[in-house]
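Trainee: Numbering (UniProt numbering), first residue to last: 1 to 461.
Mind having a look at this structure? Questions to follow.
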């Protein structure tokens, strides 16, 4: 039943990964590591039958495999322990998917967390995250958010002059990092390149002396580190190697101003496999490049090794989750296209319409059936652009089939909306044959919970 992409194409069968290594890197697989086809010819994840999950919880449904997420967390930690002789910390970039259960899992695996809003900070705290391992990012934090972060005791990653001066004027002791723009380009989508000079994030490199001099004169600001991030969904290793050399140069310059910089945060950005054509480096390979680069650069400049921090997000959770839909209507346009509609779309996965992202899919309730048609999987929203997948190879589909879209753990739930007033989906955590609800499905009542109807507009029912 289980095949590689090549053998799947040759046989005309649906694709499942072959875990052909002792330590598979989750970001290199389209589906969670526990995926298999069971005796009912159904897709199974985490020991749970996917069509049975759909019957129990409904669709659309996010299905998160706990084992895959924990494996990725451990691979990052173990790789840093293997390749870096100094202290290190892996922190989860929670904008990929921030909810109580996900935050609790990464905390239990010994990871810190990166948050970018008061809401993400609030969630992480309630999940039990240690504030000492929390880092608050963002290019336009409000005064209320800054006060919240200071009261919490987390580290604030300062992005710009306004934020820096605001913190200094508060005259409250605060631990900060400085985000700097390294000017490194990489081949990724324009919207997710954040390391090149034309970016809304971070201080420009030509401001280094001015920034370091200002911070050195602020007694309330304890500058413990420097941060940079060059983008997301990156398959190249060279840009990250270049980044290590640039950051160590900054480290040396900070020391000239007497700043107590002891941490370097090299961001994240390692890509995942969304299609068979994608070929990202493994977690181990990425970490080795980062660690070797920092060690060499510090040796060259005769600097002590800093505490090394990385912020993976997508590569931790992206491949750990799938989204299940129920197939509805079909529309055949002869010699042009066949549309297969599902009961979700851009409200639960806005990445295709936002980034032109490409996904793969399969029919979870009939896994052995041959691939006989090429269809366009359409969402149910009132938008022509609400297309989940343009060229999906599928068996002949019928209304009621369970369609599963792979690798939806990153930026799907976190970017979900109520467009067309669709309730946001439920999410379940699967592990060893058990399914636990981690996000309740919204109801129509939830949709109007925050609505306010002025009394003069109220009418008798």
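Each residue gets a CB set at the ideal place from its N, CA and C atoms; glycine is no exception.
Source: prediction; values computed, not measured.
With a floor of 3 residues, list each beta strand (DSSP E) that falls wholly inside the stretch 127-208, ordered by position along the chain.
Mentor: Whole beta strand (DSSP E) segments, 3+ residues: 134-136, 155-158 and 174-179.
Trainee: Once DSSP output is grouped into helix, strand and coil, what is the label at residue 5?
Mentor: Confidence in residue 5 is poor, its pLDDT being 41 and thus under 50, which makes the residue's placement unreliable; the coordinate value appears in the next sentence. Reduced to three states, the DSSP call for residue 5 is helix.
Trainee: For residue 244, tell me which candidate among 206, 284, 272 and 310 has the shortest Cα-Cα distance.
Mentor: Of the candidates 206, 284, 272 and 310, the one whose C-alpha sits nearest the C-alpha of residue 244 is 310.
Trainee: Mapping DSSP to helix, strand and coil, what is residue 54?
Mentor: Three-state DSSP puts residue 54 in a helix.
Trainee: How should residue 372 be labelled, buried or exposed, when 16 other C-beta atoms within 10 angstroms of its C-beta is the threshold for buried?
Mentor: That one is exposed.
Trainee: Near residue 227, which residues of its chain fall below 6 Å by C-beta distance, leaving aside the five closest residues on each side in sequence?
Mentor: Result list for residue 227: 157, 177, 179 and 265, in chain order.
Trainee: Can the beta-carbon of residue 305 be found less than 8 Å from the beta-carbon of residue 86?
Mentor: Cβ distance < 8 Å, so residue 305 and residue 86 count as in contact.
Trainee: Closest by CA to residue 46, which one among 39, 72, 133 and 321?
Mentor: Ranking the options by Cα distance to residue 46, first place goes to 321.
Trainee: Compare the beta carbon distance of residue 337 and residue 232 with 8 Å and say whether it is the shorter of the two.
Mentor: Not in contact: residue 337 and residue 232 (Cβ atoms no closer than 8 Å).
Trainee: Which first and last residues belong to the beta strand (DSSP E) in which residue 225 is found?
Mentor: Run containing residue 225: 221-227, per the beta strand (DSSP E) assignment.
Trainee: Going by Cα to Cα distance, which pick from 428, 443, 281 and 117 is closest to residue 144?
Mentor: Here the closest residue by C-alpha is 117.
Trainee: Is there contact here, the stretch 28-43 with the stretch 325-334, by at least three beta-carbon pairs under 8 Å?
Mentor: No, the stretch 28-43 does not touch the stretch 325-334.
Trainee: Could you tell me the alpha carbon to alpha carbon distance between residue 276 and residue 27, rounded to whole angstroms?
Mentor: Cα to Cα, residue 276 sits roughly 12 Å from residue 27.
Trainee: Taking 8 Å as the threshold (C-beta atoms), are residue 380 and residue 343 in contact?
Mentor: In contact: residue 343 and residue 380 (Cβ atoms closer than 8 Å).
Trainee: Which of the three DSSP states, helix, strand or coil, is assigned to residue 22?
Mentor: Residue 22: coil per DSSP, three-state reduction.
Trainee: Verify whether the separation of the beta carbon atoms of residue 61 and residue 69 is less than 8 Å.
Mentor: Result no, Cβ atoms of residue 61 and residue 69 do not sit closer than 8 Å.
Trainee: Closest to residue 439 by CA distance: which of 63, 37 and 457 is it?
Mentor: When only C-alpha atoms are compared, the closest one is 63.
Trainee: Starting from residue 474, trace the beta strand (DSSP E) both ways and give me its first and last residue.
Mentor: Missing from the structure shown is residue 474; the chain here goes from 1 to 461 and no further.
Trainee: Should residue 298 be labelled buried (16 or more other beta-carbon atoms within 10 Å of its own) or exposed?
Mentor: Burial call: buried.
Trainee: So is residue 432 buried or exposed if we call it buried at 16+ other beta carbons inside 10 Å?
Mentor: Exposed is the call here.
Trainee: Buried or exposed: residue 286, going by 16 or more other Cβ atoms within 10 Å of its Cβ?
Mentor: It counts as buried.
Trainee: How would you call residue 444, buried or exposed, if buried means at least 16 neighbouring beta carbons within 10 angstroms?
Mentor: It counts as exposed.
Trainee: One question on the structure: do residue 173 and residue 220 come within less than 8 Å of each other, judged by their Cβ atoms?
Mentor: In contact: residue 173 and residue 220 (Cβ atoms closer than 8 Å).
Trainee: Leaving aside the five residues before and after residue 346 along the sequence, list all residues of the same chain whose C-beta is less than 7 Å from its C-beta, in chain order.
Mentor: Cβ neighbours of residue 346 beyond the five flanking positions: 353, 379, 381, 383, 386 and 419.
Trainee: Could you tell me which uninterrupted beta strand (DSSP E) segments, each at least 3 residues in length, are contained entirely in the stretch 351-400, listed from first to last along the chain?
Mentor: 361-363, 373-378 and 387-394, all fully within the stretch 351-400.
Trainee: Look up residue 236 in the DSSP assignment and say whether it is helix, strand or coil.
Mentor: Three-state result, residue 236: coil.
Trainee: If you run the structure through DSSP and keep just helix, strand and coil, what is residue 62?
Mentor: If DSSP states are grouped into helix, strand and coil, residue 62 belongs with the strands.
Trainee: So residue 73 and residue 109 are in contact, right, with Cβ under 8 Å, and what is the actual spacing, rounded?
Mentor: 4 Å between Cβ atoms; contact.
Trainee: Can you tell me which of the three DSSP states residue 230 falls into?
Mentor: Here residue 230 sits in coil by DSSP.
Trainee: Under three-state DSSP, which class holds residue 27?
Mentor: Reduced to three states, the DSSP call for residue 27 is helix.
Trainee: Tell me where the beta strand (DSSP E) around residue 264 begins and ends.
Mentor: Looking at the DSSP string, the run of the beta strand (DSSP E) that includes residue 264 is 263-265.
Trainee: Would you call residue 162 buried or exposed, if buried means 16 or more other Cβ atoms sit within 10 Å of its Cβ?
Mentor: Exposed, by the Cβ-count rule.
Trainee: On the CB-based measure, 16 or more other CB atoms within 10 Å of its CB, does residue 300 come out buried or exposed?
Mentor: Under this definition residue 300 is an exposed residue.
Trainee: Go ahead and pull the three-state DSSP assignment for residue 291.
Mentor: Helix at residue 291.
Trainee: Thinking C-beta only, is residue 65 closer than 8 Å to residue 430?
Mentor: The answer is yes: Cβ separation under 8 Å.
Trainee: Roughly how far, in whole angstroms, is the beta-carbon of residue 404 from the beta-carbon of residue 362, given that I think they are within contact range, below 8 Å?
Mentor: With a Cβ gap of about 6 Å, residue 404 and residue 362 count as contacting.
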